[in-house]
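Letter 360 of the sequence shown, counting from 1, is numbered 398 in our numbering, and no numbers are missing.
Backbone N, C-alpha and C define an ideal beta-carbon position, used for all residues, glycine too.
Model, not experiment: these values are computed from the prediction.
Working notes, beginning with the structure itself.
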Amino acid sequence: MSLSSQPYKGTRDYYPEDKRIMNYVFHTWRTVVEGFGYEDYLPPLLEPLELYAAKTGQEIVNEQTYTFTDRGERTVAIRPEMTPSVSRMVAARQQEIGYPARWYNIANYMRYERPQRGREREFWQLNADVFGVAGPEADAEIILLAHEIMKAFKATEKMYTIRINHRELINAMMRDYLGLSTVQAELMIKLFDKKGKIPHETFRDTAVEIFGQDAAPEGLRKIAKLISANSIDALPAELADLKPVQELQQLFKMIHSGGARNIVFDISLMRGFDYYTGMVFEVFDNHPDNNRAMFGGGRYDGLVSLFGGESVPTVGFAPGYTTMEVFLRSHDLLPEVSSTTDVYMIVLGEAGTGASKLARRLRSEGIKVAVDITGRKLDKQIKAAVKMHIPYMLFVGEKEIANEVYRLKDVKKQREQELSFERIVTSVNDYRGRNKDELDI
């Protein structure tokens, strides 16, 4: 029987050249969030299913979560998201943690959903959360952190837009302004959440079904008025004086003061998770070939209390790797990332013993060296180094070892020099310095 060489549907194989790009993205994420004082953490890959059933959207729990019964007859799930797990961890040591607690994590997840561009069944993402701050200062910090991450990838504000809304405003809009029941409001929130992904006619017809035929004309008129409100000040008078509106106005001032100008109010932004309690936001790609939400987050103040103890105000966000990669490719922002190996040592003749000794000396100086140990002909060794995208080739034969002068070739520039051991170390370190963002990962 011949086994398939393809990965499981909805997952990817990351070959070294793919992993270099992933490492670049992860390194950039880590550098920015640690610069804001965030600390790394890690929960288990498996959690009890009820952890997600308590507050995560039912679509994820019932249709997208990978679950199984373990040998102890416990129903467990491969994590589909991080928020319930980190809330559980905070609850377990609630009195020992110093607040505000700034935590981050980069990990992989599984959801059984339809694979498409920018969306896979196994996916990686950054999670960054602030615990213990109830005011808009934490909301502003999280949004500005997302903004700084985009800037770190050399994205300009024209390339993306940060869209902001508030779940309390959404609830008031559904209940008081549109006059919907609890069940109708849940359906309408899900419909608004899909607004940018479905045809206008589908949105309208589904809204009519939710309102009912008698209430639909007035309901559709009010929805049109809401959608046309392209700023907080343009909201209908019935909503203008609400507390969440005032909080959003204060938040926008803080974000502008923090240097982000590409933020907009979007009344149609819902965010699909049931646990959000306050501000919600999403970062949208403005590229015409990838005009979509890349990632988002918001405030979820009630989740920690589900595990016992007091409620802890929390706000966070989670950019995914795949959507970030698509954004960087769409805007031509991916750098040229070489191999993490600095030097491929090509061994000439019978110089294997001396080449190994030279490699050990170079490694003691921090140079990453791969030695060709195959005994192949020169041309085949060179072809292997080129395929590996290693920036330097070092030719080592008995003559070079005797003279302690070696031929170092810069593969990209096609430039070859005869250098001493010390000059080799200096040349490679200089190259690293010029390419630190790409290589120091």
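Taken in chain order, the complete beta strand (DSSP E) segments of 3 residues or longer contained in the segment 72–125 are 84–86, 105–107, 113–116.
Close CB contacts of Lys-260 within its chain, under the 8 Å cut and outside five residues either way in sequence, are with Tyr-215, Leu-216, Pro-274 (chain order).
Boundaries of the alpha helix (DSSP H) harbouring Arg-399: 390–402, taken from the DSSP string. As summarised for the segment 430–469, the continuous alpha helix (DSSP H) elements at least 4 residues long and confined to that stretch are 436–441, given in chain order.
Pairwise C-beta distances place the segment 171–178 out of contact with the segment 275–284, as fewer than three of them are shorter than 8 Å. Between the beta-carbon of Ile-202 and that of Leu-286 there is about 7 Å, and that keeps the pair under the 8 Å contact cut.
Nearest C-alpha to Ala-331 among Val-342, Arg-337, Pro-282, Asp-231: Asp-231. Below 8 Å, too few C-beta pairs join the segment 367–382 and the segment 150–157 to call them touching: fewer than three. Proximity of the segment 116–127 to the segment 60–78 falls short of the contact definition, fewer than three beta-carbon pairs being nearer than 8 Å. Nearest in C-alpha terms to Ala-397, of all of Val-381, Asp-448, Pro-54, is Val-381. By the neighbour-count criterion, in which 16 or more other beta carbons inside 10 Å mark a residue as buried, Lys-196 falls on the exposed side.
Sixteen is the threshold: when 16 or more other Cβ atoms of the shown chains lie within 10 Å of the Cβ of Gly-354, as they do, the residue is buried. Within the same chain, Ile-248 come within 7 Å of Gln-222 by CB-CB distance, once the 5 residues on both sides are set aside.
For the pair Thr-379 and Val-407, the CB atoms are nearer than the 9 Å cut-off. In the DSSP assignment, Met-226 falls within the unbroken alpha helix (DSSP H) covering 220–231. Asp-339 sits in coil when the DSSP states are folded into three classes, being neither helix nor strand.
Excluding the 5 residues flanking it on each side, Tyr-469 has same chain C-beta neighbours closer than 7 Å at Pro-429, in chain order. Secondary structure remark: continuous beta strand (DSSP E) runs of at least 3 residues inside the segment 229–270: none found. A straight-line Cα-Cα distance of about 53 Å links Lys-421 and Phe-169. Here the alpha carbons of Pro-81 and Ala-115 stand approximately 13 Å from one another. Cβ-Cβ distances below 6 Å link Leu-87 to Thr-105, Thr-113, Ala-115 in the same chain, with the five nearest sequence neighbours on each side left out; the list follows chain order. Under the DSSP assignment, Val-321 falls outside any alpha helix (DSSP H), being part of the beta strand (DSSP E) whose first and last residues are 317–323. Looking at the DSSP output, Leu-164 shares a beta bridge with Ile-144. Taking all protein chains in view, the Cβ of Gln-455 is surrounded by fewer than 16 other Cβ atoms within 10 Å, so the residue is classified as exposed. For Thr-199, the pairing in a beta bridge is given by DSSP as Phe-322. For His-204, the CB contacts under 8 Å within the same chain, skipping 5 residues up- and downstream, are Pro-282, Val-283, Glu-285, Leu-286, Gly-316, Met-317, Val-318 in chain order. Under DSSP, the beta-bridge partners assigned to Val-407 are Val-381. Of Phe-322, Val-71, Thr-352, Ser-306, the smallest CA-CA separation from Tyr-142 is found for Val-71. Between Leu-400 and Ser-394, the alpha-carbon positions lie close to 10 Å from each other.
Within the model, the alpha-carbon separation for Val-443 versus Asp-56 is close to 35 Å. Per DSSP, reduced to three states, the secondary structure at Met-127 is helical. In this structure, DSSP gives Phe-333 an extended state, which the three-state scheme calls strand. A direct Cα-to-Cα measurement between Gly-471 and Asp-448 gives close to 15 Å. Just so you know, the alpha carbons of Ala-267 and Ile-305 end up roughly 7 Å apart.
Cβ neighbours of Arg-140 within its own chain (closer than 6 Å, five residues either side excluded): Gly-75, Tyr-76, Val-168. When secondary structure is reduced to three states using DSSP, Gln-288 falls in the helix class.
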